[in-house]
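Accompanying notes for the structure given below.
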Amino acid sequence: MTRRLARHVVVPAALYFGTLLTILLALVQVVQIPLGALPQDAQRLTAAPVWHFLHVLGGATFGILGPIQFGRVLVRKYGLLHRVMGRMFVAAGAMISLSSLGLLWRFPDAYSVAISSGRLLFGIALGVALAIAMHSIHKRDFARHHNWMIRAYALGMGATAVTMVYFPIYLITGEPPTGFASDVIFLGAWTGCVVLAETVLRRI
18 MTRRLARHVV
28 VPAALYFGTL
38 LTILLALVQV
48 VQIPLGALPQ
58 DAQRLTAAPV
68 WHFLHVLGGA
78 TFGILGPIQF
88 GRVLVRKYGL
98 LHRVMGRMFV
108 AAGAMISLSS
118 LGLLWRFPDA
128 YSVAISSGRL
138 LFGIALGVAL
148 AIAMHSIHKR
158 DFARHHNWMI
168 RAYALGMGAT
178 AVTMVYFPIY
188 LITGEPPTGF
198 ASDVIFLGAW
208 TGCVVLAETV
218 LRRI
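Next up, the structure:
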């Protein structure tokens, strides 16, 4: 009973909380861009508002649809809805991947070498995972499709994991992590998502 509660209530609730937090923080920046109210360390976004908007839109859609898509009820009882939402999910994931690479190309010096390298790696990996998942469903290989969708979701939610670590640190200290600590948190949280996904796949 406890395990079932965690799977169907606690885990989706935690995912939605993290997604909502990330969306709210990103939407604040979306509003600040046209108002010219961005803080100094985010002023660069005014030079590429479209890339940032696409990243926020893709991330919000991806984060909201993810837990719904992986629910067994939707797959078994509402197959058409699952397929329609699946296409939206893939489109949102592709938007995240392309916009993240676009932002990285536009602002190559915005982050440390470690974080920029991580963004490049995870952005490309997300696109590859989605491509493999779509190829698998085209071949009617449902198990492989499901596994690669989970991997894609983990890669796409990496930024949410980073936010959930950064945010409490910011609330306590009044400043976001910087330097080596920021590198470790960023890469550790994102890698943790990937490891968690592989752990889940081994148990299903």
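Numbering-wise (the numbering used here), the sequence shown opens with residue 18 and increments by one. In this text, a Cβ means the ideal position worked out from N, Cα and C, and glycines have one as well.
Inset, instruction - Give the C-beta separation of F203 and I132 to the nearest angstrom, bearing in mind that I take them to be a contact with Cβ-Cβ under 8 Å. - result: The Cβ separation is near 5 Å, so the contact holds.
Legend entry - Buried versus exposed, by CB contacts within 10 Å (16 or more), L22: Confidence is the limiting factor: at L22 the pLDDT is only 48, short of 50, which leaves the residue's position unreliable, though a coordinate-based value still follows. So L22 ends up on the exposed side.
Inset, instruction - Taking only the alpha-carbon atoms, compute the straight-line gap between T216 and M112 and give it to the nearest angstrom. - result: Rounded to whole angstroms, T216 and M112 show a C-alpha spacing of 26 Å.
Inset, instruction - Check whether the segment 182-189 touches the segment 151-167, counting contact only when three or more Cβ pairs, one atom from each stretch, lie closer than 8 Å. - result: Output reads no: the segment 151-167 does not touch the segment 182-189.
Inset, instruction - Compute the beta-carbon to beta-carbon distance between G175 and A206, rounded to the nearest angstrom, for a pair I have assumed lies under 8 Å. - result: At roughly 7 Å, the Cβ-Cβ gap stays under 8 Å, so G175 and A206 are in contact.
Inset, instruction - Excluding the 5 residues preceding and the 5 following L218 in the sequence, name in chain order all residues of the same chain whose CB lies nearer than 7 Å to its CB. - result: Cβ within range, chain order: N164 and I167.
Legend entry - K156, DSSP secondary structure in three states: Coil at K156, not helix or strand.
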